[in-house]
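Asks: I have a structure I would like to understand better, so I am pasting it below and will then ask my questions one at a time.
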Amino acid sequence: MTPLLKLVKKQDTISLIILILLIPVVTRLNGSVNFIYILLTSNYITLILNIACLVLMYKKIMIINGINHTLITRKGYKNTKHNIYAFMIMTTLLFLAILYGFLFLVYGISQMSIKLLLMLVIYTLLFLFEISIIYLQFNRKSNILYIALPIIINLAYHYMFF
Numbered sequence: 013m014t015p016l017l018k019l020v021k022k023q024d025t026i027s028l029i030i031l032i033l034l035i036p037v038v039t040r041l042n043g044s045v046n047f048i049y050i051l052l053t054s055n056y057i058t059l060i061l062n063i064a065c066l067v068l069m070y071k072k073i074m075i076i077n078g079i080n081h082t083l084i085t086r087k088g089y090k091n092t093k094h095n096i097y098a099f100m101i102m103t104t105l106l107f108l109a110i111l112y113g114f115l116f117l118v119y120g121i122s123q124m125s126i127k128l129l130l131m132l133v134i135y136t137l138l139f140l141f142e143i144s145i146i147y148l149q150f151n152r153k154s155n156i157l158y159i160a161l162p163i164i165i166n167l168a169y170h171y172m173f174f
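Read the sequence shown against the numbering used here and you will find it ends at 174, with the numbers running on by one and no gaps.
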């Protein structure tokens with residue numbers, strides 16, 4: 013697992029942190045709304061942040077595909093698949109934790125309902141599902157479908173429900 017952590021470049025991390033820090037500037041909403049409302053209704057988060065994270069994960073899978081033969085030879089196919097999937101899920105959960113934490117610190121919780129909490133859980137599970145679709149690219153030829161489908165799902169969920 014630790015060799016995969018070398019794939020997380022400082023430039024990618026700084027780019028995502030800067031994009032997260034720009035949320036209050038772009039949304040320009042006052043403190044009367046809570047962080048889940050901002051997360052679910054903000055076009056900036058859906059159109060910029062989530063897609064940037066999906067594209068970065070797709071890029072990482074393409075890098076892994078370039079070196080997968082040596083990984084498979086050293087660790088075995090099944091072990092390599094499990095390690096890469098665990099890396100992707102942990103990286104995604106870390107991104108979502110940073111995003112949720114920042115939104116919570118900036119906007120707080122003014123009116124928490126069970127519906128909003130359920131939407132937060134659905135949002136997290138949907139994002140993990142999108143990352144799982146990108147994971148299907150592992151050990152296959154490059155195909156734009158593996159990045160287009162998660163982006164379409166992300167946009168469809170955002171615009172159909174909000």
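We put the CB at the ideal spot given by N, CA and C, even for glycine.
1) By Cβ distance, which residues of its chain are closer than 8 angstroms to residue 147, with the 5 residues on each side in sequence left out?
2) Residue 61 lies in the alpha helix (DSSP H); which residues open and close that run?
3) Which whole-angstrom value is the C-beta distance of residue 92 and residue 79, which I expect to be below 8 angstroms?
4) What's the C-alpha gap between residue 165 and residue 133?
5) Where does the unbroken alpha helix (DSSP H) through residue 27 begin, and where does it stop?
6) Just to confirm before moving on: does the CB-CB distance between residue 46 and residue 126 stay below 8 angstroms?
7) How would you label residue 27, buried or exposed, when you count the other beta carbons within 10 angstroms and need 16 or more for buried?
8) Along the alpha helix (DSSP H) that carries residue 111, what are the first and last residues, could you check?
9) Please report the distance separating the alpha-carbon of residue 68 from that of residue 24.
10) Would DSSP call residue 152 helix, strand or coil?
11) Quick check: the Cα distance between residue 109 and residue 49, rounded to an integer number of angstroms?
12) Assign residue 137 to one of two classes, buried (16 or more other C-beta atoms within 10 Å of its C-beta) or exposed (fewer than that).
13) Cβ atoms of residue 66 and residue 142: under 8 angstroms apart, would you say?
14) Check residue 77 in the structure and name its three-state DSSP category.
Replies: The short version:
1) Stepping through the sequence shown from its first residue, residue 147 is reached at position 135. So the list reads 73, 96, 97 and 100, once near-sequence residues are dropped.
2) Position 49 of the sequence shown, counted from the first residue, corresponds to residue 61. That residue, residue 61, is in no alpha helix (DSSP H); it is neither H nor E in DSSP.
3) The residue labelled residue 92 in the question sits at position 80 within the sequence shown. The residue labelled residue 79 in the question sits at position 67 within the sequence shown. Separation of the CB atoms of residue 92 and residue 79 is rounded to 10 angstroms, and the pair is thereby denied contact status at 8 angstroms.
4) Within the sequence shown, residue 165 is the residue found at index 153, counting from 1. Within the sequence shown, residue 133 is the residue found at index 121, counting from 1. So the alpha carbons of these two residues sit roughly 16 angstroms apart.
5) Position 15 of the sequence shown, counting from 1, holds the residue named residue 27. Here the alpha helix (DSSP H) through residue 27 covers 22 to 33.
6) In the sequence shown, residue 46 corresponds to position 34, counting from 1. In the sequence shown, residue 126 corresponds to position 114, counting from 1. The answer is no: Cβ separation not under 8 angstroms.
7) As a position in the sequence shown, residue 27 is number 15, starting the count at 1. Result: exposed.
8) For the purposes of this step, residue 111 is taken as the residue at position 99 of the sequence shown. Run containing residue 111: 89 to 119, per the alpha helix (DSSP H) assignment.
9) If you number the sequence shown from 1, residue 68 lands on position 56. If you number the sequence shown from 1, residue 24 lands on position 12. Rounded to the nearest angstrom, the two C-alpha atoms are 8 angstroms apart.
10) The residue labelled residue 152 in the question sits at position 140 within the sequence shown. Residue state, collapsed to three classes: coil.
11) The residue given as residue 109 occupies position 97 in the sequence shown. The residue given as residue 49 occupies position 37 in the sequence shown. So the alpha carbons of these two residues sit roughly 16 angstroms apart.
12) Here the question's residue 137 lines up with position 125 in the sequence shown. Residue 137 comes out exposed.
13) By one-based count along the sequence shown, residue 142 stands at place 130. By one-based count along the sequence shown, residue 66 stands at place 54. In this structure, residue 66 lies closer than 8 angstroms to residue 142 by Cβ.
14) For this step, residue 77 is matched to residue 65 along the sequence shown. Residue state, collapsed to three classes: helix.
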